[in-house]
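Colleague: As numbered in full-length UniProt numbering, residues 1 to 598 make up the sequence shown, in order.
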Amino acid sequence: MTETEDKGAYRVLARKYRPSTFEELIGQDAMVRTLSNAIESGRLAQAFMLTGVRGVGKTTTARLVARALNCVGEDGQGKETITPCGVCEQCKAIAQDRHVDVIEMDAASRTGVDDIREVIESVRYRPTSARYKIYIIDEVHMLSKGAFNALLKTLEEPPAHVKFIFATTEIRKVPVTVLSRCQRFDLRRIDQDMLATHFKMVAEKENAVVDDNALAMIARAADGSVRDGLSLLDQAIAHCHGEVGEEQVRDMLGLADRGRTFDLFDAVMQGDAPAALSVMDNLYAAGADPNVVLQDMLELTHWLTRVKVVPDAAQNAVVSEMERVRGKDMSDKLAMSVLARAYQILMKGLGEVRNAPHPQQAAEMVIIRLCYVADLPTPEEAIRLMKNNPQPSGPGGSGPSGGGGSAGQMAQAVGAPNMGGSSGGSNGAPTTSMRVVNGGVAQVQPRVQDETKADPQSFVEVTELAEEKRDIVLKANLMNNLHLVSFRPGKIEFRPGEYAPSTLAGDLKKFLDTHTNRVWAVGVSRHEAGDVTLAQVRDEAIAKRKQEVAKHPLVHDILSSFPQSVIDKVHEIKLDTLDAAIQIEENPGDPDNTSGDE
C-alpha cells in the first residue's frame, strides 16, 4: 500500500490509538517499572513471556520493547532506553513493521518443528542494522510439543545479539521448561474507570460526543480489554453519527436497561412473580436477549454483595447515581444469605437458558423460581422462629423421658412397633403452611420444625432422627449394634455390639452435634452390659403381637384350616376406615358416598 493510499484509508480506533510509548500504555505500571529498571541497570533477560487476556497490550508491549532495545536516538549514538525517541530510523522501521531484524511470527499458523528450525538457523547471524535481532512469537502456546522441545536449547543460551519475546493468552499451555527460561510479565485487566477515562479521551480526539453512561456501558462490556472497548466505541460512533447516547449503546449491544434490571431484581426479591414476569416481557419485547438479562441480574447480584461487604464499592466512578442510590438501598435491605442463594440460582439458571430450546421460557422459569425462594427464612431466622413459636407435639409425639435409659422405657417407646415412621404423628409426612410475602404472593413453605428438630428426649428419638436425616448406615448401627447403658439429653453411654464399627461413638456424636441444638457427649462402656438392642426390642414386640393375634378365634380357625400358613405381618386398621370400606361395599353406585368428613 502506498503512502497516499495509507493516508486515504480509514484506520480503526484500536490501531489508530495503539500506544507508541510506554507512557501511553495504560494499566501496566508494574511491568513498565520492571522493564525500566532492567534497561537502566543493563539486566536484560534473553527472553520475555507476556501473558494476559485479549486486548490488554501484549503485542504492543513486545513492539515497544523492541523499539526500546534498538533505539539509537536522534543523533544515532543512543543506548537502550525505556523512552525511545520515535524519530530514528530504527524506531520508524519497527513502528511501520518493516524492520528486517524484528521478526514477528504467528505461532497459530506456524506450529511445527520446521518453522522453529528456521528460527534456530537464523539466530546465528548477527542483525543487519539493529542492536538486537528480536523474535516476537505471538500465541506461543499454539506451538507443538516438538517445536517447544526444539527451541529449548536456543532459548536457554541464545547469542548475545538475540532476544525472544513471547505473547500468549493461555499461559498454562506453555511447558514449564519454556517458562523457566523466560522473564514473565502478567498484563492485568484494565479497570472500568480507567477504560472509561481512556475512551473519553479518544472520543474527544475523534470529535465525537459520547454520554458518560454510554462510556461506562462500553467499558463494562469491554471486560478489561482496551482493544475490545475501542472496537465497541468505533462501532458506537458510526452507529450514532458522532453523538453517542446511552439508549443507542444499549440497543447496539443488545443490553437490558440498567434501571429495568433493578426493577426486575426488586420484584424478584419481593416475591412478586406477576410484576417480575411483566418486566421480563417488556425487556424481551424491547429486544433484550434472555441470556443477557440473566447475566445482568447475575452481575447485579454480585455487585450488591460487594457493596454489602465493601460499601465504598458503590462510590466507583463508573457507577451512575441511580445505581449508587438503588444499589445501596437494596444491599442494606437484603441479607447476605439471600444474595448468595440468588447468585447460585442465577448461575444454575444461566446454564439452563443457554441449553434450552426456548431461552425465553427457561428464563421465565428461573425468574419464577427466584420469586418463590426469595423470601424463605434464613437458617438463623428459622431457628429464631422455632424458639419463639414452639409447636406442640403431635398425637404420636413422645414426651421427655426420664434420666435413665432402661429397657422398659425402650420397650414402651417401641410399643406398637413403628420404627419405620418419624415421630410426631402425621404419618411422617412433612407439614406445610401458607404465608403471604411482600407483593401479595402466597408461598408454601415447610414449617420450621421440619428444618430444625428439637433435641431428642430418648434414644428412640435419636434413631428416628437418623432415619429422618436419611443416615441409613448410622440408623442400622443404632438399631442392631448398640446396647444402651444410659441416656439423658446431651449424654449417651453405650456398649458396642460384636459387629459395631470402631467409629460408632464418633459418628453418633458428629451426627447429633450437627442436627441438634447442643454439643453431645457420647461414651463407650466396657463394663456395663447395657440393654438389648432396639432391633431385639422391636422383634420381641412383633412376636408378642403375632402371638396375641394368633389367639383370636377367626385367626385360629384359619391357621388350623391351613397348617402350612404363618402370620407374616400384623396391620392395624382404624374403625372409621373399616366403616367407610363397608359403606362403599354396600353402596358401590352412590356418587354422594364419601369416607371422610366434609
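Here a beta-carbon is modelled for each residue, glycine too, at the ideal position from N, C-alpha and C.
In whole angstroms, give me the CA-to-CA distance for N316 and N213.
Modeller: Each residue's alpha carbon lies about 13 Å from the other.
Colleague: Please specify which runs of the beta strand (DSSP E), each continuous and at least 3 residues long, are wholly inside the segment 455–490, giving them in chain order.
Modeller: Within the segment 455–490, the complete beta strand (DSSP E) runs of at least 3 residues are 482–488.
Colleague: What first and last residue would you give for the beta strand (DSSP E) that runs through T51?
Modeller: Element bounds for T51: 47–51.
Colleague: Does DSSP put A68 in a helix, in a strand, or in coil?
Modeller: Three-state result, A68: helix.
Colleague: With burial defined as no fewer than 16 other Cβ atoms inside 10 Å of the residue's Cβ, what is the status of N70: buried or exposed?
Modeller: Buried, because 16 or more other Cβ atoms sit within 10 Å of the Cβ of N70.
Colleague: Please classify Y284: does DSSP put it in a helix, a strand, or coil?
Modeller: Of the three classes helix, strand and coil, the one that applies to Y284 here is helix, per DSSP.
Colleague: Closest to residue 602 by C-alpha separation, out of V174, H161, V373, would be which residue?
Modeller: There is simply no residue 602 to check, as the chain begins at 1 and stops at 598 in what is shown.
Colleague: Roughly how many angstroms separate the alpha carbons of G404 and F487, rounded to a whole number?
Modeller: For G404, the pLDDT reaches just 40, beneath the cut-off of 50, and the residue's location in the model is therefore unreliable, although a value from the coordinates is still provided. Roughly 6 Å separates the two Cα atoms.
Colleague: Is it the case that the segment 184–193 contacts the segment 52–71, given that we only count it when at least three CB pairs across the two stretches are under 8 Å?
Modeller: The segment 52–71 vs the segment 184–193: in contact.
Colleague: Tell me the start and end of each unbroken alpha helix (DSSP H) in the segment 527–575 that is at least 4 residues and wholly inside, in chain order.
Modeller: Taking only runs of at least 4 residues, the alpha helix (DSSP H) segments lying wholly in the segment 527–575 are 534–550, 553–561.
Colleague: Starting from V162, trace the beta strand (DSSP E) both ways and give me its first and last residue.
Modeller: Element bounds for V162: 162–168.
Colleague: Please name the residue or residues paired with K133 in a DSSP beta bridge.
Modeller: According to DSSP, K133 bridges with V162.
Colleague: Cα separation between A216 and G490?
Modeller: Using only the alpha carbons, I get a separation of about 59 Å.
Colleague: Just confirm the distance between the C-beta atoms of L13 and P19, as a whole number of angstroms; I'd bet it's less than 8 Å.
Modeller: That belief does not hold up - the Cβ atoms of L13 and P19 are roughly 13 Å apart, past 8 Å.
Colleague: Spell out a yes or no on whether the segment 544–564 and the segment 508–525 are touching, meaning 3 or more CB-CB pairs, one atom from each, closer than 8 Å.
Modeller: Flag = no, the segment 544–564 and the segment 508–525 do not touch.
Colleague: Report the residue from G78, I39, T21 whose alpha carbon sits nearest the alpha carbon of R63.
Modeller: The candidate whose alpha carbon is nearest that of R63 is T21.
Colleague: State the beta-bridge partners of P311 as determined by DSSP.
Modeller: According to DSSP, P311 bridges with nothing at all.
Colleague: With a threshold of 6 Å on Cβ separation, who are the neighbours of V210 within its own chain once the five nearest residues in sequence on each side are excluded?
Modeller: Cβ neighbours of V210 beyond the five flanking positions: A203, V244.
Colleague: For A500, which of helix, strand or coil comes out of DSSP?
Modeller: A500 falls in the coil class under three-state DSSP.
Colleague: Using only alpha-carbon positions, find the residue among H141, R124, I82 that is nearest to A108.
Modeller: The option with the nearest alpha carbon to A108 is H141.
Colleague: Under a Cβ-count criterion, where at least 16 other Cβ atoms within 10 Å of its own Cβ denotes burial, should S423 be classed as buried or exposed?
Modeller: Its pLDDT being 39, under 50, S423 is placed unreliably by the model, and the measurement read from it follows with that caveat. Flag for S423 reads buried.
Colleague: Report all residues from its chain with a CB closer than 6 Å to the CB of M49; omit the five preceding and five following residues, and keep chain order.
Modeller: The answer, listed in chain order, is F166, C182, R184.
Colleague: Considering only C-alpha positions, which residue in the set E80, C85, L230 is nearest to E74?
Modeller: Taking only the C-alpha atoms, the option nearest E74 is C85.
Colleague: For the putative contact between F199 and L233, defined by C-beta atoms under 8 Å, what is the C-beta separation to the nearest angstrom?
Modeller: Right, their Cβ atoms sit about 5 Å apart.
Colleague: Pull up the distance between the alpha-carbon of M201 and that of R227, whole angstroms please.
Modeller: If you take the alpha carbons of M201 and R227, they lie about 15 Å apart.
Colleague: In this structure, what does DSSP give as the bridge partners for L183?
Modeller: Reading the sequence as shown, one finds Gln at residue 183 and not Leu. In DSSP, Q183 forms a bridge with F48.
Colleague: Please report the residue range of the alpha helix (DSSP H) in which E104 lies.
Modeller: Run containing E104: none in the alpha helix (DSSP H); it sits in the beta strand (DSSP E), 102–106.
Colleague: Using the Cα positions of E157 and G52, report the straight-line distance between them to the nearest angstrom.
Modeller: Their Cα atoms are separated by approximately 26 Å.
Colleague: V353 to L465, Cα distance in whole Å?
Modeller: Cα to Cα, V353 sits roughly 39 Å from L465.
Colleague: Alpha carbon to alpha carbon, how far is G415 from E461?
Modeller: Confidence at G415 is low in this model, with a pLDDT of 41, below 50, so its placement is unreliable and no value can be given for it.
Colleague: Considering V174, what are the terminal residues of the alpha helix (DSSP H) in which it resides?
Modeller: Element bounds for V174: n/a, residue is neither H nor E.
Colleague: If contact is defined by three or more beta carbon pairs under 8 Å, each pair taking one atom from either stretch, is the segment 322–334 in contact with the segment 296–314?
Modeller: Yes, the segment 296–314 touches the segment 322–334.
Colleague: Take A476 as the anchor and find which of P456, L504, A454 has the nearest alpha-carbon.
Modeller: The option with the nearest alpha carbon to A476 is L504.
Colleague: Spatial neighbours of L44 within its chain, please: CB distance less than 7 Å, with the 5 preceding and 5 following residues excluded, ordered by chain position.
Modeller: Excluding sequence neighbours, L44 sits near A38.
Colleague: Does the Cβ of R67 have 16 or more other Cβ atoms within 10 Å, making it buried, or fewer, making it exposed?
Modeller: With 16 or more other Cβ atoms within 10 Å, it is buried.
Colleague: Helix, strand or coil: how does DSSP classify G327 here?
Modeller: Note: G327 maps to helix in three-state DSSP.
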